[in-house]
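According to my numbering, the sequence shown holds residues 2 to 455 in order.
Working notes, beginning with the structure itself.
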Amino acid sequence: PPSNLAMSTTASVGTASASAEGGGDAAAPSTTAPADTPMMGTDGSATDGTSPAKPASIATSSTEDDAAANTFLFASESVTESHPDKLCDVISDAIVDACLTLDPASRIACETVCKTGVVIVLGEITTSASINYEQVIRDAVRDAGYDDPAKGLDYKTCNVIVALEEQSPDIAQSVDAAKVEDIGAGDSCIVFGYACEETPEYMPMSHVLATKLSARLAEVRKDGTLDWIRPDGKTQITLEYGYNENGVPVPKRVHSIVISAQHSEEVSNDKIAADLMEHVVKPIVPEKYLDDKTLYHMNPSGRFVIGGPHSDAGLSGRKPIVDTYGGWASYGGGALSGKDATKVDRSGSYAARWIAKSLVANGYCSRCKVQLSFAIGVPHPISVSVDTYGTCTKKNGMATERDLVKLVETKFDLRPGSIVKELDLRRPIMRKTAAYGHFGREEEEFKWEKVKDI
2 PPSNLAMSTT ASVGTASASA EGGGDAAAPS TTAPADTPMM GTDGSATDGT
52 SPAKPASIAT SSTEDDAAAN TFLFASESVT ESHPDKLCDV ISDAIVDACL
102 TLDPASRIAC ETVCKTGVVI VLGEITTSAS INYEQVIRDA VRDAGYDDPA
152 KGLDYKTCNV IVALEEQSPD IAQSVDAAKV EDIGAGDSCI VFGYACEETP
202 EYMPMSHVLA TKLSARLAEV RKDGTLDWIR PDGKTQITLE YGYNENGVPV
252 PKRVHSIVIS AQHSEEVSND KIAADLMEHV VKPIVPEKYL DDKTLYHMNP
302 SGRFVIGGPH SDAGLSGRKP IVDTYGGWAS YGGGALSGKD ATKVDRSGSY
352 AARWIAKSLV ANGYCSRCKV QLSFAIGVPH PISVSVDTYG TCTKKNGMAT
402 ERDLVKLVET KFDLRPGSIV KELDLRRPIM RKTAAYGHFG REEEEFKWEK
452 VKDI
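The structure is reproduced here in structure tokens:
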């Protein structure tokens, strides 16, 4: 079997923090197994009879040699589309798309809750479309793989409760305008966008790999590669970062990988470990980042038969870091899914990503965080902020971040209505964003991922 089902880490190099940032280039995924990786059982004992790995101390500098002294660890996580929280996002965005398909001017704020045998949808929707919400919900549950009461939810028999009202007229009057470009922000909020040179997607590598691992978990379930996998699942990957000559963090190696996959009753832990290594890890994680110290925690709880809404209640908007940048950037607080584009929590976040990616891709900086703020009913942003983490290249005379803010304000029309129009956000494309990240995906519909020439 493949190596290293460790229950504890060894030789931890520093600790990750929410403010840490990263850089570097991703290699193409390799299908070659890492060599000589130590194998450990789900109870932490090594399969060769040696003692369990000694837990790493939580310290800011626990290193094995001087070369590793200037490194740190950073972890990102992701979940499958059938994780209970993510299922709720998918349902909410399925409803958004159903409304936009028939009435592009629909106003939608839709939340979803799920638990064993029940899905509840509640919120405010104003639309001219006639929607069979119950059918939309059941179809989304079916597509997520919940087709048997034994899985905790069955699209055919689950109880569906719909509690939707029209948008408050007080909010509506503050947003309405004769032209799309002149509509006011649907709420007061702050949003953030982020980009870096770490991967071809201009995204942090830890986030990209965690997301791809979760997507692969769903893929091997759907295509029948692994017949024991059930819908629920979560992945986590920790990378060790160093710094380049300009002080920009660069990924050096994979420190550890954690995969929790819901499974059938009869499959053994050894088979789970072997299959996840062979069919999930190997096709996704570049071999050059794996070494004999990389740790693998495959279903570390030892049993994950009961999953999905049966195990944990799901709620929309509860996976914002999975949706965005894997913990590398700030987060404004508003959820993305279940909203039409007049809600600037969503459209503003897309615009902020568009700006950040365009600044990095055009060579103005190596890393960038953009903040936008909006006030309800006001048809323009209240503030624009750019942070390059000291990587401003001074291209075209843009010597400071203040200069970059002026460039952004010149090149991007950040009125909420203009964002909706330029990114074409009245199309029914929202369900596709609901799982595996809203950013860093080269989907034709995701216009915020198209670099603007500035």
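Idealized CB from N, CA, C, for every residue including glycine.
Note that the structure is predicted; figures quoted are calculated from it, not measured.
Residue closest to residue i, alpha-carbon to alpha-carbon, out of the options
i	options	result
M206	E78, I377, R403 and W355	E78
G349	G364, H381 and V361	H381
L88	I121, V249, N397 and S269	I121
I162	Y134, A274, P150 and G153	Y134
S107	T117, E125, I92 and K116	E125
E450	S359, V255 and V379	S359
Q237	I258, P250, M278 and V249	I258
K407	V385, Y390 and T392	V385
V387	N397, F375, I377 and R368	R368
N247	C100, C393 and L316	C393
K294	H256, A151 and Q263	H256
A376	I184, E241 and V268	I184
L240	D233, R254 and N270	R254
K320	A435, P252, E410 and H298	A435
G328	K370, N160 and L218	K370
Y203	T411, R428, L74 and A330	A330
F193	K340, I322 and E444	I322
W229	E267, V119, V209 and A151	E267
A299	I96, F75, P201 and E279	Note on identity: in this sequence residue 299 is Met, with Ala being the wrong assignment. Of I96, F75, P201 and E279, the residue nearest in Cα terms is E279.
R1	R143, Y147 and K213	Residue coverage of the chain in this structure runs from 2 to 455, which leaves residue 1 outside it and unanswerable.
I96	Q168, C111 and L296	C111
D155	N397, D140 and K433	D140
I132	K157, G146, L101 and S338	L101
T128	L277, D98, S269 and D149	D98
E82	V91, L74 and F75	V91
K340	L218, P429, L296 and G146	P429
L296	I273, I307, I260 and E167	I260
T411	I455, E446 and K396	I455
L123	E198, D148, Y147 and D94	D94
E220	N363, L165 and P284	P284
E199	L165, E166 and N245	N245
V251	K272, F413, H264 and Y290	Y290
V215	C159, V80 and G335	One point to set straight first is that residue 215 is Ser, not Val, in the sequence displayed. Minimum Cα distance to S215 is reached at V80.
Y242	E423, V421 and L74	L74
S374	R347, E402, Y390 and N363	R347
V281	A274, R217 and T401	R217
Residue interval of the beta strand (DSSP E) (run including residue i)
i	result
E220	Here E220 belongs to no beta strand (DSSP E); instead the alpha helix (DSSP H) covers M206 to K223.
S261	P250 to H264
T113	R108 to K116
Y290	First-last for Y290: undefined, no H or E at that position.
E78	F73 to V80
Y242	I230 to Y244
E458	The structure shown has nothing for residue 458, since the chain only spans 2 to 455.
K370	R368 to F375
I126	V119 to T127
V387	S384 to D388
Nearest-angstrom Cβ-Cβ length linking residue i and residue j, presumed shorter than 8 angstroms
i	j	result
A115	P310	What sits at residue 115 in the sequence shown is Cys, not Ala. Indeed they touch by this definition, with Cβ atoms about 4 angstroms apart.
A196	V361	4 angstroms
Y365	F440	Not really, about 19 angstroms apart at Cβ, beyond 8 angstroms.
D425	K453	That pair is no contact at about 14 angstroms.
I191	Q372	6 angstroms
T1	S317	Missing from the structure shown is residue 1; the chain here goes from 2 to 455 and no further.
A262	G225	Not quite, the Cβ-Cβ distance comes to about 15 angstroms (not below 8 angstroms), so this is no contact.
G187	T343	4 angstroms
G303	N270	7 angstroms
R222	K152	Not a contact, Cβ separation roughly 12 angstroms.
E446	K433	7 angstroms
D523	G398	What is shown of the chain runs 2 to 455, which leaves residue 523 out entirely.
L210	V286	6 angstroms
Start-to-end residues for the alpha helix (DSSP H) that takes in residue i
i	result
R427	Premise fails: R427 is in no alpha helix (DSSP H) and is neither H nor E.
K407	E402 to K412
K272	N270 to L277
V197	For the record, residue 197 in the displayed sequence is Cys; it is not Val. Per DSSP, C197 belongs to no alpha helix (DSSP H); it is in the beta strand (DSSP E), C190 to C197.
S350	V345 to A362
V97	P85 to L103
V142	Y134 to D144
Say whether the region 406-421 touches the region 377-396, bearing in mind that this needs 3 or more beta-carbon pairs closer than 8 angstroms, one atom from each stretch.
-> yes
Can at least three beta-carbon pairs, one atom from the region 353-372 and one from the region 97-107, be found at a separation below 8 angstroms?
-> no
In the region 307-338, which residue ranges form an unbroken alpha helix (DSSP H) of at least 4 residues, counting only runs that do not cross its ends?
-> 309-312 and 321-324
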